[in-house]
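Comments concern the structure below.
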């Protein structure tokens, strides 16, 4: 039944609202629990989408997207621990960035396998990543310090995932699945642009945190839901 993924999505939205109410700039065990549940539910959306769209050819795509989502879950937990345990903040930030980097590699692998390689997408990703890093360092004056390599690698992985997803949407005629993937990738980028401001520009008010997380979860749920509509 096609409604199952949307029922899980609804539960995710409810859980997200509860998390945003509980979350503040210092974090808490209750907020971490609600965030973990919200992240588990985007994995649930992916799983129920696969159960509905059980075409054999979708299996590899599902597996790669699922691994990316699991990495997202791990990253979500680790990055909230960064907020709660400030004495180990740098270590948790590194762990979270690695988890999300690996997640984007899985997403990118799914996109490349199913929609093909594009030199244009690769070049666009390089240019976008360079712009993001240069603006952050030289205009906004963010000091990445020991996280410089993490930031450069992650910026490229996210940029490439986004440009490849947009390439897929364009070449596939804007199918529902590819539009969800492209929208998810763009929302991911917007979310991370806000997140870096919370880390390096003290933009940690409750409304700012809420917008950041809404964009992030919209991204992950859109990517998860793309499995439902994938046609091979």
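In my numbering, the protein residues as written are 240 to 471.
The C-beta atom is built at its ideal place from N, Cα and C for all residues, glycine as well.
**Counted within 10 angstroms of its Cβ, other Cβ atoms place residue 470 as buried (16 or more) or exposed** = exposed
TODO: Inspect the beta-carbon positions of residue 362 and residue 396 and report whether they are closer than 8 Å.
DONE: no
**Item:** Of the residues 273, 328 and 462, the one placed nearest residue 257, counting alpha carbons only
**Value:** 273
Q: Under 8 Å by Cβ, that's how I've got residue 265 and residue 322 pegged, so tell me the actual separation to the nearest angstrom.
A: 7 Å
DSSP-derived helix/strand/coil call for residue 470: Here residue 470 sits in coil by DSSP.
- Counted within 10 angstroms of its Cβ, other Cβ atoms place residue 350 as buried (16 or more) or exposed: Buried, since its Cβ has 16 or more Cβ neighbours within 10 Å.
Touching by the beta-carbon criterion (3+ pairs, under 8 Å), the stretch 402-411 and the stretch 332-344
no
Note to self: Between which residues of its own chain and residue 250 is the CB-CB distance below 6 Å, once the five residues before and five after are set aside?
What the structure shows: Cβ neighbours of residue 250 beyond the five flanking positions: 280.
With a Cβ-Cβ cutoff of 8 Å, do residue 331 and residue 415 count as a contact?
no
> What's the call for residue 329, buried or exposed, on a 16-neighbour Cβ count within 10 Å?
Replying inline: exposed
### Coil, strand or helix - residue 487 by DSSP
Here the chain comprises residues numbered 240 to 471, so residue 487 is not present and cannot be evaluated.
_Relative to the C-alpha of residue 394, which candidate in 409, 245, 377 and 370 has its C-alpha closest?_
Of all alpha-carbon atoms in 409, 245, 377 and 370, the one lying nearest the alpha-carbon of residue 394 is that of 370.
Which of the three DSSP states is assigned to residue 445 in this structure?
helix
Check your understanding: By Cβ distance, which residues of its chain are closer than 7 Å to residue 313, with the 5 residues on each side in sequence left out?
Key -> Cβ within range, chain order: 338.
task = Measure from the alpha carbon of residue 319 to the alpha carbon of each residue in 466, 269 and 365, then state which is nearest.
result = 269
With a CB to CB cut of under 6 Å and the five nearest residues on each side skipped, what residues in its chain are close to residue 357?
406
### Message
Tell me whether the stretch 304-313 and the stretch 282-290 touch, counting them as touching only if at least three CB pairs, one residue from each stretch, are closer than 8 Å.
### Response
yes
Next item on the list: Keeping to the same chain, check which residues put their C-beta closer than 7 Å to that of residue 429; ignore five residues upstream and five downstream.
Entry: 454
- Task: Would you grab the beta carbon distance between residue 367 and residue 398 for me? Rounded to a whole angstrom, and I think it's under 8 Å.
- Result: 4 Å
Query raised in the report: Based on Cα-Cα distance, which residue from 460, 382, 391 and 413 lies nearest to residue 436?
Result: Put simply, of 460, 382, 391 and 413 the residue whose alpha carbon is nearest the alpha carbon of residue 436 is 382.
* Note down the Cα distance separating residue 462 from residue 342, rounded to an integer number of angstroms. => 12 Å
In chain order, which alpha helix (DSSP H) runs of at least 4 residues are fully inside the stretch 304-370?
328-354
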